[in-house]
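Structure record follows, encoded as structure tokens.
In UniProt numbering, the protein residues as written are 1 to 413.
Okay, structure coming up:
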């Protein structure tokens, strides 16, 4: 591991060294985590502990490349390094070792899948605990409430190093096995919406409200700045996200076909890849839209930003049962003064206020989406007003520098 060059080191005084625990780093679609880590690199001394290696061949964002030198990867179960670390910990701290293992079993027993994965990660957690002590780690922060938080709790149980974690989406909604115990053991829990905070407090009613802190996923707003009014000769419609069925891109394509029948000239851009890619391409061809829709495939964050800046409207036809929190694509769109059309799900209405900062339509309803797109096409002043109001909200609540300062204070207090 190498050290990241920092322009603004941590203030003098007590030395803090933080370890961020992630399921996998780098990860192409976790740009919100990457932004925060990269910004914190100028303020904190930290390492990244990645439970798994990065996917071979995936796009690696430039900011992630800057952090790879400070990322620790450990082998899985059957390696000499892991075996020695566990043997040493078992011999030197037998009670803590056994207690940590028993705690995992008792906590995750109601969910066999959770239990099996937690047990698979246990030997690596022990090895990381030993590494953390040797390298004078003073604080742990897990990014996701599932296995990263479980690993952080094991390290705390073995070493006493305090931990916190972030939870904001599927990790706090789909299966909450063991989540209450993690909340109670953590120093604090960060989440990105008021709805999430209420949900976490309901799961752990004994936790004091101040333990759950709302910290929005911030943006470097200067990167997304776009002047009011796009001035496009052709109506530009954007979709950014993985091509999964629950993203609803197929409904967007159907809506664009309806726009074409109404005589509206437009160009659609679909950014991303995924299991629906071939089906979407076939749908575009079948509907005769190949001349007015471009599919770019996956792009780096730096490559996506210009599309936000030039687009008139950004669309996310998300399925409510598979989305939680506030999708970052909506925040990024408004930061670039791009109007938003989306569905009602999760905490989206904390950002998209129907008729004020965007338009909300019924999920799975291509006709309703076509009507909303036509509304924005026919009334550019309304489109611009919604985008401007949304941009002001993003500037007030989603500024990266302000939000990471909240983390720095928590980690170093």
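Think of the CB as a built atom: it goes at the ideal place given N, C-alpha and C, for glycine as much as any other residue. All values reported here derive from a predicted model rather than from experimental measurement.
(message) Just to check my reading of the structure: residue 190 and residue 151 have Cβ atoms closer than 8 Å, yes? What is that Cβ distance to the nearest angstrom?
(response) Translated into positions along the chain shown, residue 190 becomes position 190. Translated into positions along the chain shown, residue 151 becomes position 151. Their Cβ separation, rounded to whole angstroms, is 17 Å, which puts residue 190 and residue 151 out of contact at 8 Å.
(request) Report, in whole angstroms, the separation of the C-beta atoms of residue 415 and residue 398, which I expect to be a contact under 8 Å. (result) This structure gives no information on residue 415, because the portion of the chain shown stretches from 1 to 413.
(message) Between the alpha carbons of residue 7 and residue 408, how many angstroms are there, rounded?
(response) Looking up residue 7 in the chain shown gives position 7. Looking up residue 408 in the chain shown gives position 408. The predicted position of residue 7 is uncertain, since its pLDDT is 34 and thus under 50; no value can be drawn from it.
(message) Short of 6 Å in beta carbon distance, which residues of its chain neighbour residue 33, apart from the five on each side in sequence? Order them along the chain.
(response) Counting from one through the chain shown, the residue named residue 33 turns up at place 33. These residues qualify, in order along the chain: 143.
(request) Compare the beta carbon distance of residue 225 and residue 99 with 9 Å and say whether it is the shorter of the two. (result) If you number the chain shown from 1, residue 225 lands on position 225. If you number the chain shown from 1, residue 99 lands on position 99. Not a contact, by the Cβ cut-off of 9 Å.
(request) Could you tell me the distance, in whole angstroms, from the CA atom of residue 163 to the CA atom of residue 77? (result) For the purposes of this step, residue 163 is taken as residue 163 along the chain shown, with counting starting at 1. For the purposes of this step, residue 77 is taken as residue 77 along the chain shown, with counting starting at 1. If you take the alpha carbons of residue 163 and residue 77, they lie about 24 Å apart.
(request) Could you pull the start and end residues of the beta strand (DSSP E) that residue 383 belongs to? (result) Position 383 of the chain shown, counted from the start, is the residue given in the question as residue 383. That residue, residue 383, is in no beta strand (DSSP E); its alpha helix (DSSP H) goes 380-397.
(request) Rank 168, 185, 272 and 147 by C-alpha distance to the C-alpha of residue 160 and give the top, closest one. (result) As a first step, residue 160 is located in the chain shown; it is residue number 160 there, counting from the start. It is 185.
(message) On the DSSP letters alone, give me the boundaries of the alpha helix (DSSP H) that residue 128 sits inside.
(response) Position 128 of the chain shown holds residue 128. Where residue 128 is concerned, the enclosing alpha helix (DSSP H) stretches over 112-134.
(message) Using the Cβ count rule (16 or more neighbours within 10 Å means buried), how would you classify residue 36?
(response) Counted from its first residue, the chain shown places residue 36 at position 36. Classification for residue 36: buried.
(message) In this structure, how does DSSP classify residue 84 when only helix, strand and coil are distinguished?
(response) As a working mapping, residue 84 is identified with position 84 in the chain shown. Here residue 84 sits in helix by DSSP.
(request) Give the range of the beta strand (DSSP E) segment to which residue 254 is assigned. (result) On the chain shown, position 254 is the one that residue 254 refers to. No beta strand (DSSP E) contains residue 254, which is instead part of the alpha helix (DSSP H) from 249-261.
(request) Determine the direct distance from the alpha carbon of residue 363 to that of residue 259, and round the result to whole angstroms. (result) In the chain shown, residue 259 corresponds to position 259, counting from 1. In the chain shown, residue 363 corresponds to position 363, counting from 1. Each residue's alpha carbon lies about 18 Å from the other.
(message) Quick check on DSSP: helix, strand or coil for residue 216?
(response) Within the chain shown, the letter at position 216 stands for residue 216. Of the three classes helix, strand and coil, the one that applies to residue 216 here is coil, per DSSP.
(message) Suppose only complete runs of 3+ residues qualify. What are the beta strand (DSSP E) ranges in the stretch 13-78, listed by chain order?
(response) 17-24, 45-52 and 71-73
(request) In the DSSP assignment, find the beta strand (DSSP E) that holds residue 142 and state where it starts and stops. (result) In the chain shown, counting from the first residue as 1, residue 142 sits at position 142. Counting along the chain, the beta strand (DSSP E) containing residue 142 begins and ends at 139-143.
(message) Given this structure, state the Cα-to-Cα distance separating residue 382 from residue 235, to the nearest angstrom.
(response) Looking up residue 382 in the chain shown gives position 382. Looking up residue 235 in the chain shown gives position 235. Those two C-alpha atoms are separated by around 14 Å.
(request) Throw me the rounded Cβ distance for the residue 325 and residue 168 pair, which I believe falls under 8 Å. (result) The sequence position of residue 325 within the chain shown is 325, counting from 1. The sequence position of residue 168 within the chain shown is 168, counting from 1. Sure, about 5 Å apart at Cβ, within 8 Å.
(request) Quick one: give me the first and last residue of the beta strand (DSSP E) that residue 246 is part of. (result) Indexing the chain shown from 1 puts residue 246 at position 246. Counting along the chain, residue 246 falls outside any beta strand (DSSP E), and DSSP gives it neither H nor E.
(request) Inspect the CB distances between the stretch 262-269 and the stretch 289-300 and report whether three or more fall short of 8 Å. (result) yes
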